[in-house]
Amino acid sequence: MAFDRVYLDWNATAPLSGAAREAMLGALELPGNASSVHAEGRAARAAIDKARRHVAALVSADPQHVIFTSGATEAANWVLTPSFKMGRSPLTIGHLYVSAIEHPAIREGGRFGRVQVSEIPVLPTGLVDLDALKVLLERHDSSAGLPMVAVMLVNNETGVIQPVAEAAKLVRAVGGLLVVDAVQAVGRIAVDITELDADFLILSSHKIGGPKGVGALVMRGEVMMPSVLVRGGGQEKGHRSGTENFPGIVGFGAAAEAVNRDLDLTRERLLQLRQRLEAGMHAVAPDVIIHGEGSERVCNTTFFTLPGLKSETGQIAFDLEGVALSAGSACSSGRVGQSQVLMAMGQDPATGALRISLGATTDDNTIERALIAFQRIAARRKMPERAA
Ligand code: PLP
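The numbers in UniProt numbering rise by one with no breaks, and the one at position 59 of the sequence shown is 59.
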């Protein structure tokens with residue numbers, strides 16, 4: 001990778017933080033299995049417990065209620081299931097209501113059948129439509145089982161902060177369960193599982209400077225639990241057996257500790273940088289549309305449309321200018337698809353949009369470079385328009 005590249009795709013993944021790297025290098029030197037009773041095993045167990053405390057602190061949860069997984073996608077596929085347990089008794093979840101702007105990891109509905117999943121519409125502001133959720137829940141057929149609602153805390157494309165605590169009130173009124181994807185929220189805003197009144201939070205390590213391939217499901221309590229994810233040796237309280245991803249978990253814990261400690265400073269710093277970026281974009285191209293601009297957003301995300309510039313063309317053009325950004329959600333195949341989020345917000349599906357997301361190492365120089373690229377691309381995109 002060329003040294004002078006500008007990385008502005010932190011919502012896709014964050015580079016490994018120094019804290020995570022150091023902790024992981026230490027973990028690689030520890031020989032023990034956390035399930036062993038000898039000193040080596042106990043050292044590994046202590047390191048996992050420490051990571052669990054740091055991840056719990058990130059969302060003000062009880063460390064006992066953090067279960068490590070291979071990432072947010074796995075955590076979602078575990079918790080989004082009709083098959084629950086209340087103590088030892090089976091409990092059925094009859095229907096899943098997911099917001100139309102959820103990440104595919106959630107929108108796909110986990111282990112629910114297609115007919116058991118309904119979409120909660122989203123307003124043009126980028127906010128989930130709570131009136132529509134209320135109507136959906138009023139119509140819920142409770143003879144089939146309890147309702148489950150999935151509303152993310154921060155959207156990965158627009159950065160818009162969702163009204164989760166208000167959604168929770170509607171869910172409580174019908175005795176349902178609330179699952180919240182907090183992947184893009186932690187490290188950017190303060191998250192408290194009790195204040196949100198969520199039953200489950202989904203987290204991912206690699207969005208906060210931890211390693212890829214590790215995440216967590218955080219529970220509010222242990223009364224209602226999804227059926228066991230992986231049976232075997234009983235690790236992770238029997239919910240997800242298998243020897244732990246030790247360096248991954250340790251790295252996740254260190255990253256969580258660092259972002260939690262630096263939250264206020266990061267938020268203030270990134271907000272200023274993003275304000276500079278957006279002011280510069282408006283000055284260069286007054287017709288630029290910043291999606292969700294009027295709504296409350298996290299400090300690091302700008303999702304924009306430059307009329308006349310398609311997502312594919314724009315992404316390549318920025319890449320050639322040395323700037324890494326993305327066209328919304330990074331899809332697994334590397335294709336640039338139409339943004340489901342924009343469509344859910346009622347925008348023309350043909351509208352191309354690009355996402356700039358900032359992070360720990362973004363500075364004035366990064367923003368300057370991005371604005372120079374933006375200016376050059378904005379100037380060029382008008383030519384084919386006039387010729388047409
Ligand atoms: N949820 C959101 C909002 C995301 O942005 C992502 C990652 O792109 C995921 C879930 C999936 O996370 P993971 O890569 O850990 O499976």
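Every residue, glycine too, gets a C-beta built ideally from N, C-alpha and C.
Subject >> Near ligand 1: His-103 beta-carbon under 7 Å from a heavy atom >> reply: If you number the sequence shown from 1, residue 103 lands on position 103. Yes, Cβ of His-103 sits closer than 7 Å to a heavy atom of ligand 1.
**OP:** Taking only heavy atoms of ligand 1 into account, decide whether any of them is closer than 7 Å to the Cβ of Thr-73.
**Re:** Your numbering for residue 73 matches position 73 in the sequence shown. Flag set: Cβ of Thr-73 near ligand 1.
Original post:
Can we count His-206 as close to ligand 1, meaning its CB is less than 7 Å from some heavy atom?
Top reply: Walking along the sequence shown from the start, residue 206 turns up at place 206. His-206: yes, Cβ under 7 Å from ligand 1.
Original post:
In the DSSP assignment, what are the bridge partners of His-95?
Top reply: If you number the sequence shown from 1, residue 95 lands on position 95. BP columns for His-95 point to Pro-147.
Original post:
Bridge partners of Asp-181, per DSSP?
Top reply: Taking the sequence shown and counting its residues from 1, the one referred to as residue 181 is at position 181. DSSP output for Asp-181 lists Ile-202 as bridge partner(s).
Original post:
How would you call Val-135, buried or exposed, if buried means at least 16 neighbouring beta carbons within 10 angstroms?
Top reply: Against the sequence shown, residue 135 aligns to sequence position 135. Under this definition Val-135 is an exposed residue.
**OP:** Flag Ile-377 as yes if its beta-carbon sits less than 8 Å from any beta-carbon of chain C, otherwise no.
**Re:** Judged by its chain identifiers, the structure shown contains no chain C, having just a single protein chain.
Original post:
In whole angstroms, what separates the C-alpha of Ala-46 from that of Arg-21?
Top reply: Reading the sequence shown from its first residue, position 46 is the one you call residue 46. Reading the sequence shown from its first residue, position 21 is the one you call residue 21. Straight-line Cα distance between these residues: approximately 18 Å.
Original post:
Are Ile-356 and Leu-277 close, meaning C-beta to C-beta below 8 Å?
Top reply: Position 356 of the sequence shown, counting from 1, holds the residue named residue 356. Position 277 of the sequence shown, counting from 1, holds the residue named residue 277. Closer than 8 Å, so yes.
Subject >> DSSP bridge partner residues for Met-219 (one or two, in chain order) >> reply: In the sequence shown, counting from the first residue as 1, residue 219 sits at position 219. Per DSSP, Phe-200.
Subject >> His-54 versus Ile-249, Val-79, Leu-25, residue with shortest Cα-Cα distance >> reply: Residue mapping note: residue 54 aligns to position 54 of the sequence shown, counting from 1. For His-54, the nearest C-alpha among the options comes from Ile-249.
Original post:
Among Gly-215, Ala-216, Arg-297, Ile-189, which has the Cα closest to the Cα of Arg-261?
Top reply: As a working mapping, residue 261 is identified with position 261 in the sequence shown. Arg-261 has its Cα closest to that of Ile-189, out of Gly-215, Ala-216, Arg-297, Ile-189.
Subject >> Whole alpha helix (DSSP H) elements within the stretch 272 to 346, 4-residue minimum >> reply: 311 to 320, 340 to 344
**OP:** Determine the closest residue to Leu-146 out of Ala-255, Gly-352, Val-171, Glu-157, with distance taken between C-alpha atoms.
**Re:** Counting from one through the sequence shown, the residue named residue 146 turns up at place 146. Among Ala-255, Gly-352, Val-171, Glu-157, the Cα nearest to that of Leu-146 belongs to Val-171.
**OP:** Evaluate Met-383 with the Cβ neighbour count: other Cβ atoms within 10 Å of its Cβ, from every protein chain shown; 16 or more gives buried, anything less gives exposed.
**Re:** Locating residue 383 in the sequence shown gives position 383, counting from the first residue. Below a pLDDT of 50, predicted positions are generally treated as unreliable, and Met-383, at 46, falls in that range; no measurement from the model is reported.
**OP:** Return yes when at least one heavy atom of ligand 3 lies under 7 Å from the C-beta of Gly-209, else no.
**Re:** Here the bound small molecules are ligand 1; ligand 3 is not part of this structure.
Original post:
Would you say the stretch 253 to 260 touches the stretch 208 to 215, given that touching needs at least three Cβ pairs under 8 Å?
Top reply: yes
Original post:
What runs of the beta strand (DSSP E), each 3 residues or longer, lie entirely inside the stretch 113 to 147?
Top reply: 117 to 120
**OP:** Please list, in chain order, all residues of the same chain as residue 398 whose beta carbon is under 6 Å from its beta carbon, the five residues on each side excluded.
**Re:** Any question about residue 398 goes unanswered here, given that the chain covers just 1 to 388.
**OP:** Entirely within the stretch 43 to 87 and at least 3 residues each: give me those beta strand (DSSP E) ranges in chain order.
**Re:** 66 to 69, 83 to 86
Original post:
Is the beta carbon of Leu-80 sitting closer than 8 Å to the one on Pro-247?
Top reply: In the sequence shown, the residue the question calls residue 80 occupies position 80. In the sequence shown, the residue the question calls residue 247 occupies position 247. No. Outside cutoff.
Original post:
Can you tell me the Cα-Cα spacing of Thr-351 and Thr-158, whole angstroms?
Top reply: Translated into positions along the sequence shown, residue 351 becomes position 351. Translated into positions along the sequence shown, residue 158 becomes position 158. Each residue's Cα considered, the two are about 14 Å apart.
Subject >> Same chain, Cβ closer than 6 Å to Arg-114, five either side skipped, listed in chain order >> reply: Locating residue 114 in the sequence shown gives position 114, where the first residue counts as 1. So no residue of the chain qualifies.
**OP:** Say whether the stretch 365 to 373 touches the stretch 339 to 347, bearing in mind that this needs 3 or more beta-carbon pairs closer than 8 Å, one atom from each stretch.
**Re:** no
Subject >> Where the alpha helix (DSSP H) through Pro-31 begins and ends >> reply: In the sequence shown, the residue the question calls residue 31 occupies position 31. Element bounds for Pro-31: n/a, residue is neither H nor E.
**OP:** Rounded to whole angstroms, what's the CA-CA distance from Met-24 to Gly-234? Just pull it up for me.
**Re:** Walking along the sequence shown from the start, residue 24 turns up at place 24. Walking along the sequence shown from the start, residue 234 turns up at place 234. Roughly 24 Å separates the two Cα atoms.
Subject >> Simplified DSSP assignment, three categories, for Arg-267 >> reply: For the purposes of this step, residue 267 is identified with residue 267 of the sequence shown, where counting begins at 1. Helix, per DSSP.
Original post:
Given that a residue counts as buried once 16 or more other Cβ atoms are within 10 Å of its Cβ, and exposed if not, what is Ser-333?
Top reply: The residue labelled residue 333 in the question sits at position 333 within the sequence shown. Reliability of the predicted coordinates at Ser-333 is poor, the pLDDT of 44 falling under 50, and the value obtained from them is presented with this limitation in mind. Ser-333 comes out exposed.
**OP:** Report, in whole angstroms, the separation of the C-beta atoms of Ala-51 and Leu-203, which I expect to be a contact under 8 Å.
**Re:** As a first step, residue 51 must be located in the sequence shown, where it is residue number 51. As a first step, residue 203 must be located in the sequence shown, where it is residue number 203. With a Cβ gap of about 12 Å, Ala-51 and Leu-203 do not count as contacting.
**OP:** Please say whether Met-152 and Val-180 have beta carbons closer to each other than 8 Å?
**Re:** Residue mapping note: residue 180 aligns to position 180 of the sequence shown, counting from 1. Residue mapping note: residue 152 aligns to position 152 of the sequence shown, counting from 1. Result yes, Cβ atoms of Val-180 and Met-152 sit closer than 8 Å.
Original post:
Would DSSP call Leu-354 helix, strand or coil?
Top reply: The residue labelled residue 354 in the question sits at position 354 within the sequence shown. Strand, per DSSP.
Original post:
Among residues of its own chain, excluding the 5 on either side of Val-191, which ones have a beta-carbon nearer than 6 Å to its beta-carbon?
Top reply: For the purposes of this step, residue 191 is identified with residue 191 of the sequence shown, where counting begins at 1. For Val-191, where only same-chain residues beyond five positions count, the Cβ hits under 6 Å are Val-59, Ala-182, Ala-185.
**OP:** Buried or exposed for Met-345, please, with buried defined as at least 16 other CB atoms from any protein chain shown within 10 angstroms of its CB.
**Re:** Here the question's residue 345 lines up with position 345 in the sequence shown. Its Cβ being crowded by 16 or more others within 10 Å, Met-345 is buried.
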